[in-house]
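Trainee:
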Amino acid sequence: MSEHSDSEYVFGRHQPASHVIIHVSDPHFLAGGARLGGRYDVETTFARTLEAIRAVHPHPDAILVTGDLADLGERDAYRRLRAAVEPVADELGTVVVWVAGNHDERPALRAELLGGEPTQEPVTGVWDLDGLRLIALDTSVPGWHHGDLDEAQLAWLSEVLEEPAPHGTLLAMHHPPLPSHLPLFDILELRHQDELAEVIRGSDVRGILAGHLHYSSHGTFAGVPVSVSSATCYTMNVARPAADVNGMDAAQAFEIVHVRPDTITHTVVPVTDAPTGDFFSERWLAKMAALSPDERLEAFSRKR
Ligand SMILES: [Fe+2]
Ligand SMILES: [Fe+2]
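Reading the sequence shown from the start, the letters are residues 670 to 973 in this note's numbering.
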């Protein structure tokens, strides 16, 4: 395993994760730290998200943010987001991968987050995370909220995927190539999905990470698992009739992605304050690790 190996205890049949990625989505920052829609204190919920990220893993391979980074594409919003995330990324010794969403404006995103020229070029990139390839696509369409991938971007993706990566590839994109059960969401769906599926089939893509929905959702696309991370700003209250689902200031979440040789898991992490038990601890783990497999089974599996 690489130096990025997860330092978890392994008592079962699966090998440890070769890579751990923090998947965050939809921060929707605004200039001056304004509340989103006058309601949602997006910077506070994001700060709490960053606290949780610092707690869950000491050294993830990447912090991936899958779009709608800024709500109105204001330059100050990007500056504020960068100022919030970069110190945490530095502390954890990891990279930040920014993905553009429909609320973003490419020129401002490029100038403030990437330190580049403020152009309308799609915000794409390829990262070699110690043998795991992460490819960021740009499904945003300037001037619109629906998603799309044009011929040039699909051709570029196809070319990148020609050469497989040692640990395979993850695709990151804002609009998920999945249906939503909420009416109207499909107006904003990703276009040219058949063409994208064509490019992905037979490639080394092992997972697709997306956002946009503001609720957690999972499915498959072209045989590849897709995981939609919920939002950090507000989430859709899906515990309501589908036609009456609206935003709520609760259930903000991100995902921890454990990439193992045989599988990839996406764990939804609710960012919440709740009274929490103290039964399990590092000390308890060390005690279990000191036992033989039979003793461990006796201690932990046997019904009393
Ligand atoms: Fe969003
Ligand atoms: Fe979106």
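Beta carbons: idealized from backbone N, C-alpha and C, even for Gly.
Can you round the beta-carbon distance between A841 and L806 to whole angstroms, since I take them to be within the 8 Å contact cut?
Mentor: With a Cβ gap of about 7 Å, A841 and L806 count as contacting.
Trainee: Which parts of the region 931 to 962 are runs of the alpha helix (DSSP H), unbroken and 4 residues or longer, counting only runs that do not cross its ends?
Mentor: Those alpha helix (DSSP H) runs which fall completely within the region 931 to 962 and span 4+ residues are 951 to 958.
Trainee: Could you check what DSSP says for D863 in three-state terms: helix, strand or coil?
Mentor: Looking at D863 - three-state DSSP - the assignment turns out to be helix.
Trainee: Looking at the secondary structure, which residues open and close the alpha helix (DSSP H) in which S827 lies?
Mentor: Looking at the DSSP string, the run of the alpha helix (DSSP H) that includes S827 is E820 to L830.
Trainee: With 16 other CB atoms within 10 Å as the buried threshold, where does G706 fall?
Mentor: G706 is exposed by the Cβ-count criterion.
Trainee: Using the beta carbon as the reference atom, which residues fall closer than 5 Å to any heavy atom of ligand 2, ordered along the chain?
Mentor: That query returns the following residues: D737, G770, N771 and H881.
Trainee: Do L761 and P727 have their C-beta atoms closer together than 8 Å?
Mentor: Against a cut-off of 8 Å, the Cβ pair of P727 and L761 comes out as a contact.
Trainee: Decide yes or no for the touch test of the region 680 to 691 against the region 861 to 876: beta carbon pairs closer than 8 Å, at least 3 of them.
Mentor: Touching, no, given that fewer than three Cβ pairs across the two stretches are closer than 8 Å.
Trainee: Near P811, what residues of its chain come up, given a Cβ to Cβ distance below 7 Å and the 5 sequence neighbours on each side ignored?
Mentor: These residues qualify, in order along the chain: R775 and Q789.
Trainee: Among residues of its own chain, excluding the 5 on either side of G800, which ones have a beta-carbon nearer than 6 Å to its beta-carbon?
Mentor: Same-chain partners within the cutoff: P835 and H836.
Trainee: When the Cα of D817 is compared with those of T808, P685, D855 and L823, which residue comes out closest?
Mentor: Looking at the Cα atoms, T808 is the closest of the given residues.
Trainee: CA-CA distance, L839 and I804?
Mentor: Rounded to whole angstroms, L839 to I804 spans 6 Å at the Cα level.
Trainee: Could you pull the start and end residues of the alpha helix (DSSP H) that E720 belongs to?
Mentor: Element bounds for E720: V711 to V725.
Trainee: So is the beta-carbon of A920 under 7 Å away from any non-hydrogen atom of ligand 1?
Mentor: Checking every heavy atom of ligand 1 against the Cβ of A920, none is found closer than 7 Å.
Trainee: To the nearest whole angstrom, what separates the beta carbons of L847 and V895, a pair I think is in contact under 8 Å?
Mentor: Contact flag correct, Cβ pair sits at about 5 Å.
Trainee: Please work out which residues of its chain come closer than 6 Å, Cβ to Cβ, to V897, disregarding the five sequence neighbours upstream and downstream, and give them in chain order.
Mentor: Closer than 6 Å at Cβ, skipping near neighbours: P845, A879, L882 and S886.
Trainee: Looking at C-beta atoms only, is the number of pairs between the region 730 to 750 and the region 765 to 774 that lie closer than 8 Å three or more?
Mentor: With the cut-off at 8 Å, the region 730 to 750 and the region 765 to 774 touch.
Trainee: May I ask you to report which of helix, strand or coil DSSP gives L750?
Mentor: L750: helix per DSSP, three-state reduction.
Trainee: Decide if G946 is buried, meaning its Cβ has at least 16 other Cβ atoms within 10 Å, or exposed.
Mentor: G946 is exposed by the Cβ-count criterion.
Trainee: Identify whether V734 lies in helix, strand or coil by the three-state DSSP scheme.
Mentor: Strand, per DSSP.
Trainee: If you draw a straight line from the alpha carbon of S671 to that of V914, how long is it in whole angstroms?
Mentor: Residue placement at S671 cannot be trusted, given a pLDDT of 39 that sits under 50; what the coordinates show is reported in the next sentence. Straight-line Cα distance between these residues: approximately 44 Å.
Trainee: If you draw a straight line from the C-alpha of G916 to the C-alpha of T941, how long is it?
Mentor: About 17 Å.
Trainee: Is G916 helix, strand or coil when you go by DSSP?
Mentor: Looking at G916 - three-state DSSP - the assignment turns out to be strand.
Trainee: With hydrogens ignored, establish whether the beta-carbon of D807 is closer than 7 Å to any heavy atom of ligand 1.
Mentor: No.
Trainee: With DSSP as the reference, please indicate the residues paired to M905 in a beta bridge.
Mentor: For M905, which the question treats as bridged, DSSP gives the partners G916.
Trainee: In terms of DSSP beta bridges, what is P894 paired with?
Mentor: P894 pairs with T889.
Trainee: Can you check which of these residues, D773, F715, G785 and A731, is closest to A752 by C-alpha distance?
Mentor: Residue F715 is the option with its Cα nearest to A752.
Trainee: Rounded to whole angstroms, what's the CA-CA distance from A703 to T718? Just pull it up for me.
Mentor: Answer to the nearest angstrom: the Cα atoms are 18 Å apart.
Trainee: Return yes when the C-beta of D855 is under 7 Å from any heavy atom of ligand 1, and no when it is not.
Mentor: For ligand 1, not one heavy atom lies less than 7 Å from the Cβ of D855.
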